[in-house]
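Position in the sequence shown (from 1) plus 1001 gives the number in my numbering.
Beta carbons: idealized from backbone N, C-alpha and C, even for Gly.
On a predicted model such as this, the values are computed, not experimentally measured, just so you know.
Below: the structure, in structure tokens.
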Amino acid sequence: MTVRVTPLTPVFAACIDGVDLTGPLDEADWRAIRAAFDEHSVLVFHGQALDDDAQVAFSRRFGNLEVTRSMNPAAGTPFARQSNLDIKTGDFIPPDDRRMVYQQANMLWHSDSSFKPVPSLCSLLSARIVPPEGGATEFASTRAAYPSLPDALKARAERAIAVHDFAWSRDQVRPGFFTAEERAVYPPVQHRLVRANPVNGRRALFLGAHASHIAGLPIDEGRALLKEILEHVTQPRFRYRHEWSEGDLVIWDNRCVLHRATPFDSARHKRFLQRTTISGDPAEPAA
């Protein structure tokens, strides 16, 4: 097989054809995929009937898997389950169930695991059950957006250190969502607002729903700065929208890509996407 890379937008995201991820992957194909990942940030594979074992095996080519904690239905495993189906019974989870409220925060622009001391390299999301309508995932390239940031705003971003707090992202959906014990699992961490890709040196903005405020600034001022930058990087020209089909696998670079879920009728239609997340390298020290 020969890996074929087809760009999906003028600035980022590409479709990868000519490779079967359900079995062993030869080194030439892996090198082509890894190079495409660094170049395009979001990779889309169609027709990949992955089971959990195959997804884990391929995910490990990128690095060490994170283990899910807190409220995700698949907590304690390498998977973060994106679904309205009970993991044990397969029945619909009621919309007012805490597990569904937890997942509502996925509809905010975010970078997976940015609230951890070692943020994620990438996420891999495999579509197992897809609703007949709705449920797309949108992506925004903070790397593509960075060069066009106004100079004054770019200068502020270069100096800024953001405080990432898992509880803050859930508080935006339901204030006080986490208990004190749950908040203690992931205390706030600090990361520079601008990061550089260690392979190609391209700079990107590191923010999203977990970024609560800016260290050293009044809370309101810091949040206003984050909001202004977020509005810039999520303009349509820096976006890719993925409409899911069963068997799709999408990989994205959490260092330079934000993403968000979009609604579907969770009371009528089944949806089950299985995510693995790869731990990254320690970010540049925030201070």
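Item	Value
Endpoints, alpha helix (DSSP H) assigned at residue 1143	1143 to 1146
Neighbour-count burial assignment, residue 1149, 16 or more Cβ in a 10 Å radius	exposed
Cβ-Cβ distance between residue 1171 and residue 1106 below 7 Å	yes
Nearest-angstrom beta carbon gap, residue 1019 and residue 1005 [assumed within contact, 8 Å]	5 Å
Same chain, Cβ closer than 8 Å to residue 1083, five either side skipped, listed in chain order	1104, 1107, 1126, 1262, 1272, 1273, 1274, 1275, 1276
Per DSSP, the bridge partner or partners of residue 1093	1086
Alpha carbon of residue 1097 to alpha carbon of residue 1078, nearest angstrom	24 Å
Three-pair Cβ contact test at 8 Å for the segment 1157 to 1175 versus the segment 1209 to 1228	yes
Inter-residue spacing [alpha-carbon to alpha-carbon] between residue 1151 and residue 1045	31 Å
DSSP state of residue 1326 mapped onto helix, strand, coil	Nothing can be reported for residue 1326, as the shown portion of the chain is limited to 1002 through 1288.
Continuous alpha helix (DSSP H) stretch holding residue 1041: start and end	1028 to 1041
Reduced DSSP category for residue 1149 - H, G, I as helix; E, B as strand; rest coil	helix
According to DSSP, residues forming a beta bridge with residue 1054	Partner(s): none; residue 1054 has no beta bridge.
Under 7 Å between C-beta atoms of residue 1254 and residue 1047	no
Pair within 7 Å by beta-carbon distance, residue 1197 and residue 1162	no
Separation of residue 1109 from residue 1178, as counted between CA atoms	16 Å
Contacts around residue 1190, its chain only, beta-carbon distance under 7 Å, and the 5 residues preceding and following it disregarded	1116, 1117, 1118, 1165
Cβ pair residue 1145, residue 1038 closer than 7 Å	no
Sequence-distant residues of the same chain with beta carbon closer than 6 Å to residue 1101, five excluded per side	1094
Proximity of residue 1251 and residue 1142 at Cβ, strictly below 7 Å	no
CA nearest to the CA of residue 1085, picked from 1042, 1122, 1131	1131
Proximity of residue 1025 and residue 1281 at Cβ, strictly below 7 Å	no
Residue 1172 - containing alpha helix (DSSP H), residue span	1167 to 1172
Distance CB(residue 1023)-CB(residue 1055) smaller than 7 Å	yes
Endpoints, the beta strand (DSSP E) within which residue 1191 is located	1190 to 1193
Secondary structure of residue 1187, DSSP reduced to three states	coil
Residues near residue 1231 by beta carbon distance below 7 Å, same chain, minus five either side	1110, 1208
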